[in-house]
Structure formats: C-alpha cells, structure tokens
Amino acid sequence: MNWFPMPLGPLQTNCYILSNSDGRCLIVDPGEEPNKVIHYINQKKLQPKAILLTHAHFDHIGAVDAIRDQYSIPVYIHNKEKEWLSDPERNGSQFFLPGQGITAREADHIIMNEMEMNIEGFTFKVFETPGHSPGSISFYFKDVALVVSGDALFQASIGRTDLPGGNHDELLRSIHNKLLVLPEETVVLPGHGPATTIGHEMDSNPFLNGF
Numbered sequence: 008m009n010w011f012p013m014p015l016g017p018l019q020t021n022c023y024i025l026s027n028s029d030g031r032c033l034i035v036d037p038g039e040e041p042n043k044v045i046h047y048i049n050q051k052k053l054q055p056k057a058i059l060l061t062h063a064h065f066d067h068i069g070a071v072d073a074i075r076d077q078y079s080i081p082v083y084i085h086n087k088e089k090e091w092l093s094d095p096e097r098n099g100s101q102f103f104l105p106g107q108g109i110t111a112r113e114a115d116h117i118i119m120n121e122m123e124m125n126i127e128g129f130t131f132k133v134f135e136t137p138g139h140s141p142g143s144i145s146f147y148f149k150d151v152a153l154v155v156s157g158d159a160l161f162q163a164s165i166g167r168t169d170l171p172g173g174n175h176d177e178l179l180r181s182i183h184n185k186l187l188v189l190p191e192e193t194v195v196l197p198g199h200g201p202a203t204t205i206g207h208e209m210d211s212n213p214f215l216n217g218f
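Numbering (our numbering), first residue to last: 8 to 218.
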C-alpha cells in the first residue's frame with residue numbers, strides 16, 4: 008500500500024491518500040482544497056472507495072462533501088462526533104473562522120466502537136483514541152505497519168486538549184494504551200506535520216515521558 012500526504016488549508020491539515028497496487032484508494036481527512044485532492048486522484052488515475060475521518064474538527068472535514076459528491080463514495084466517522092459535521096460550534100469553525108461555519112452532511116457510516124474493517128480490499132483496525140476530541144479514532148494497517156493517528160500523536164508532540172470535549176489525561180491514556188503498544192517500526196501518519204514512528208516517539212517525545 009502506498010500513502011501520500013497532502014497538507015491542506017490554512018492549518019496545513021494532512022489529508023492522506025492511501026492506495027493499493029490496482030489503483031483503489033481511501034481518502035483520510037480531506038480538510039480543505041477539494042480541487043487539489045481531486046486533481047491528484049485524477050492525475051494518478053486512482054479509484055476512491057471511501058472517506059475516513061479521524062475526527063470532526065473543521066480543519067479535517069472542509070472538503071468532505073465536494074469529494075464524496077465527485078466520486079459518489081461513503082463517509083465514515085465515529086458515533087460520538089456524527090453530529091459535529093453539521094454543527095459549526097462543535098466542530099470549531101464558529102470559533103476559529105467566525106462567519107464561515109464549515110459543515111458537512113451526515114456521514115454514511117457510523118463507527119460505534121473498535122473493530123476490524125474491510126473496505127474494498129483495505130483491511131485495518133479502528134482504535135478509539137479520544138482526548139483531543141471525544142470521537143477521535145486511529146486507523147491501523149497492520150500488514151504495512153502504518154497507523155493514521157489524526158490529532159492524537161504527532162512527531163515530538165501530542166494533540167491539543169483545550170477544545171470542547173478535550174481531556175489531557177484521556178489523550179495520554181489513549182496514546183499509551185492504543186498507539187505505543189504497536190510495533191516500534193510502525194509508521195505514524197499524524198494530522199499535522201511530518202510522519203514519524205512509534206519507536207521514535209517512545210524514545211524522544213517530551214510529552215510522553217514520565218506518564
């Protein structure tokens with residue numbers, strides 16, 4: 008499986024295009040600039056099969072409707088944030104972007120709990136990793152040693168917890184109990200910034216020492 012990071016919008020939120028050898032792909036967190044995402048997909052002649060959302064903050068959902076309509080594909084989100092898509096107050100756009108009110112239509116599929124999923128040949132596990140937000144989830148592709156962590160774990164940092172529904176201690180528990188138990192060579196694709204590995208964060212992330 009190949010992965011391509013695409014920083015989008017004013018906050019440079021990472022959208023990821025995960026593709027396999029026959030051109031099928033998943034789109035994770037299309038936060039803004041839908042034309043940029045569509046151009047890349049069409050240029051590479053990929054076949055999108057679904058949109059996965061790690062959580063519903065505005066900078067992760069801004070291009071959802073444009074891309075789902077372009078390719079007629081379903082959207083997946085955790086149950087705890089299904090209503091955030093249409094609520095500018097909950098998704099943060101009302102506070103950070105007054106007057107813009109970023110929204111998306113309701114998701115096609117609601118993830119209720121941790122599970123293994125298979126979408127068009129992509130097999131992965133869903134981990135509940137709350138703390139940055141109540142419905143934050145991570146997607147773990149064991150076969151290729153890859154986890155998409157959303158805004159839970161970053162290179163040398165962790166997600167902010169001062170937004171509605173955030174909880175610092177809960178985030179640290181999520182990281183330690185769900186992410187740091189993965190093999191150290193697992194590549195971490197975060198919601199912002201460069202990729203890292205579980206081993207690197209275990210050794211050097213200042214926010215995780217002493218927990």
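C-beta: ideal position from N, C-alpha, C; glycine also.
query: At least three beta-carbon pairs within less than 8 Å, the region 131-149 to the region 53-66; result: yes
query: In chain order, each beta strand (DSSP E) run of at least 3 residues that lies wholly inside the region 87-166; result: 116-118, 122-126, 129-135, 144-148, 153-157
query: CB-CB length for asparagine 98 against isoleucine 117, believed under 8 Å; result: That pair is no contact at about 16 Å.
query: Proximity to isoleucine 80 [Cα-Cα], best of Val35, Gly172, Asp176; result: Val35
query: Beta-carbon proximity of leucine 18 to aspartate 66, cut-off 8 Å; result: yes
query: Residue from Leu178, Phe148, Asp158 with nearest C-alpha to proline 190; result: Phe148
query: Alpha-carbon spacing of isoleucine 24 relative to isoleucine 48, whole angstroms; result: 8 Å
query: Residues near serine 26 in its chain [Cβ-Cβ closer than 6 Å; skip 5 each side]; result: Asn9, Cys32, Leu53
query: Length of the line joining the Cα atoms of histidine 175 and phenylalanine 161; result: 15 Å
query: Environment of methionine 227 [buried if 16+ CB atoms lie within 10 Å]; result: It is not possible to answer for residue 227, since the shown part of the chain is limited to 8 through 218.
query: Sub-8 Å separation of valine 188 and threonine 204 beta-carbons; result: no
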